[in-house]
Amino acid sequence: MYAINLTSKRYAALSGKIDTVIVPTGSFEAHGMHCPLGTDILIPERMCRDLEAAAGGDFLIAPTVNYGYTPTLAGFPGTVTIPAETLISLYAEIGSCFARWGAKNIVFMNGHGGNIAALTLACDKIATAGGTAMVISWWATYSAEILKICGTQGHAGEDETSAVLALDIAGAAGAYGAESGSLVDDAARNVHMRKVFCAPLSGPTQTAARYPEAMNGDATAATREKGEKLYAMLLEKNLEYIGRLRRGEYTDPIA
Ligand SMILES: [Zn+2]
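Taking my numbering, the leading residue of the sequence shown gets 3, the next gets one more, and so forth.
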């Protein structure tokens, strides 16, 4: 259920029955020269639409936090970056408010790596306010499953570009009035098979080393079919993870 559509009265009536709020978090930033600036917004929103279609009555989907922390890509045209300190407060306040209105669990459905540190700290603040908060960063949380579908991962690389390609046929592009039929500029796809040897690693030349043309990985290997498989897997795993959270199954045995 989308919280944005509810009246305050209806929210009050539901708040005791729906225990979990999902907050999509994205970033508005360069994704290579071939993927849209809104890639990290569009993918988590698609994941939420799939969850809504599969089990919509089970949780509330909150409005998306569209902007994120992305100093590394700030030099590429169109990128907007928000200070991490601001985001920690923003995420924590959003989660704490939903906790105050009855949500037991907050799930941040995150589309952007730069947000992870701020989200982690915000989760601790939400816990202090009495809520339980979890972050799902799809490409990281489910990396092992992704690598059964895609040969490689990367920023605007094979996995992420595949996920954007699959949005085209799902009609997601139309939701924001895309200019053309495809969100991906095929002619601008590229390959940059480099990543830092140890992360976190930050420095004045890291953007050029890690993200030439605002991407890494192999965008030429991306396909719509891989994207469709990714969304099917992501739905299954998200249902599993959110189900575990709702049941309070927080731990696995240490192997
Ligand atoms: Zn991205």
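Backbone N, C-alpha and C fix where the C-beta goes; we use that ideal spot for every residue, glycine too.
Same chain only: Cβ atoms within 8 Å of S17, ignoring 5 sequence neighbours per side: Residue mapping note: residue 17 aligns to position 15 of the sequence shown, counting from 1. W103, G104 and A105.
field: Reduced DSSP category for L53 - H, G, I as helix; E, B as strand; rest coil
entry: By one-based count along the sequence shown, residue 53 stands at place 51. Looking at L53 - three-state DSSP - the assignment turns out to be helix.
task: Would you kindly work out how many angstroms separate the C-alpha atoms of A124 and G116, rounded to a whole number?
output: For the purposes of this step, residue 124 is identified with residue 122 of the sequence shown, where counting begins at 1. For the purposes of this step, residue 116 is identified with residue 114 of the sequence shown, where counting begins at 1. The alpha-carbon atoms of A124 and G116 are separated by roughly 14 Å.
- request: Leaving out five residues on either side along the sequence, give the residues of the same chain with a beta carbon under 7 Å from the beta carbon of S145.
  value: Residue numbering aside, residue 145 sits at position 143 when the sequence shown is read from its first letter. Same-chain partners within the cutoff: Q155.
- request: State whether the region 130 to 147 contacts the region 62 to 71, with contact taken as three or more CB pairs (one from each stretch) at a distance under 8 Å.
  value: no
- prompt: Which ranges would you report for the beta strand (DSSP E) in the region 10 to 53 if only whole runs of at least 3 residues count?
  reply: 22 to 27
- prompt: Is D21 near ligand 3, in the sense that its beta carbon is under 7 Å from a heavy atom of that ligand?
  reply: Absence of ligand 3 is noted for the structure shown, with ligand 1 being the only ligands found.
- request: Classify Y233 as buried or exposed, calling it buried when 16 or more other Cβ atoms lie within 10 Å of its own Cβ.
  value: Here residue 233 refers to the residue found at position 231 when the sequence shown is read from its first residue. Under this definition Y233 is a buried residue.
message: I'd like to know whether the C-beta atoms of T209 and G28 end up nearer to each other than 8 Å.
response: By 1-based counting over the sequence shown, the position of residue 209 is 207. By 1-based counting over the sequence shown, the position of residue 28 is 26. It is not a contact, given that the beta carbons lie outside the stated cut-off.
query: Does the region 46 to 55 come close enough to the region 225 to 241 to have 3 or more Cβ pairs within less than 8 Å?
result: yes
Per-residue DSSP class, three states only, for I84: Within the sequence shown, residue 84 is the residue found at index 82, counting from 1. I84 falls in the coil class under three-state DSSP.
message: Taking 7 Å as the cut-off, is the beta-carbon of G113 closer than that to any non-hydrogen atom of ligand 1?
response: The count along the sequence shown starts at 1 and reaches residue 113 at position 111. Indeed, a heavy atom of ligand 1 lies less than 7 Å from the Cβ.
task: Give the secondary structure of Y69 by DSSP, where H, G and I count as helix, E and B as strand, and everything else as coil.
output: Here residue 69 refers to the residue found at position 67 of the sequence shown. Note: Y69 maps to coil in three-state DSSP.
- request: May I ask you to report which of helix, strand or coil DSSP gives F100?
  value: Your numbering for residue 100 matches position 98 in the sequence shown. In the structure shown, F100 sits in a helix (DSSP, three-state: H, G or I).
query: Going by the C-beta, is D170 closer than 7 Å to any heavy atom of ligand 1?
result: Residue numbering aside, residue 170 sits at position 168 when the sequence shown is read from its first letter. No; taking the cut-off as 7 Å, the Cβ of D170 has no heavy atom of ligand 1 nearer than that.
query: Between R226 and the rest of its own chain, which residues show a CB-CB distance below 6 Å, the 5 nearest in sequence each way excluded?
result: Within the sequence shown, residue 226 is the residue found at index 224, counting from 1. Cβ within range, chain order: L167 and A168.
field: Residue nearest to V25 in terms of C-alpha spacing, selected from H36, G97, G219 and L75
entry: The residue you call residue 25 lines up with position 23 of the sequence shown. If we check each option's Cα against that of V25, G97 comes out closest.
task: Would you give the residue range spanned by the alpha helix (DSSP H) that A211 belongs to?
output: Taking the sequence shown and counting its residues from 1, the one referred to as residue 211 is at position 209. From DSSP, the alpha helix (DSSP H) with A211 extends over Q208 to R212.
field: Straight-line Cα distance separating A224 from T81
entry: As a working note, residue 81 is residue 79 in the sequence shown. As a working note, residue 224 is residue 222 in the sequence shown. Cα-Cα distance, rounded: 23 Å.
task: Can you give me the Cβ contacts of R248 inside the same chain, cut-off strictly under 7 Å, excluding the 5 residues immediately before and after it?
output: Here residue 248 refers to the residue found at position 246 of the sequence shown. Only D21, T22 and N107 meet the Cβ criterion.
query: Which partner residues of A135 appear in the DSSP bridge assignment?
result: Start at 1 with the first residue of the sequence shown, and residue 135 comes out as number 133. Its beta-bridge partners are I108.
- prompt: Do you know offhand how far I256's Cα is from G245's?
  reply: Looking up residue 256 in the sequence shown gives position 254. Looking up residue 245 in the sequence shown gives position 243. Rounded to the nearest angstrom, the two C-alpha atoms are 21 Å apart.
message: For chain B, check one thing: does any of its Cβ atoms lie closer than 8 Å to the Cβ of K127?
response: Considering every chain present, this structure includes no chain B. It has just one protein chain.
message: Run through the DSSP bridge pairs and tell me what V193 is partnered with.
response: Within the sequence shown, the letter at position 191 stands for residue 193. DSSP output for V193 lists D220 as bridge partner(s).
- prompt: Near I90, what residues of its chain come up, given a Cβ to Cβ distance below 6 Å and the 5 sequence neighbours on each side ignored?
  reply: Here residue 90 is taken as the residue at index 88 of the sequence shown, counted from 1. Contacts found: A120, L123 and A124.
task: Compute the beta-carbon to beta-carbon distance between T41 and A158, rounded to the nearest angstrom, for a pair I have assumed lies under 8 Å.
output: Against the sequence shown, residue 41 aligns to sequence position 39. Against the sequence shown, residue 158 aligns to sequence position 156. Sure, about 7 Å apart at Cβ, within 8 Å.
field: Spatial distance of G58 from R12 (CA atoms)
entry: Reading the sequence shown from its first residue, position 56 is the one you call residue 58. Reading the sequence shown from its first residue, position 10 is the one you call residue 12. Distance between the alpha carbons of G58 and R12: 16 Å.
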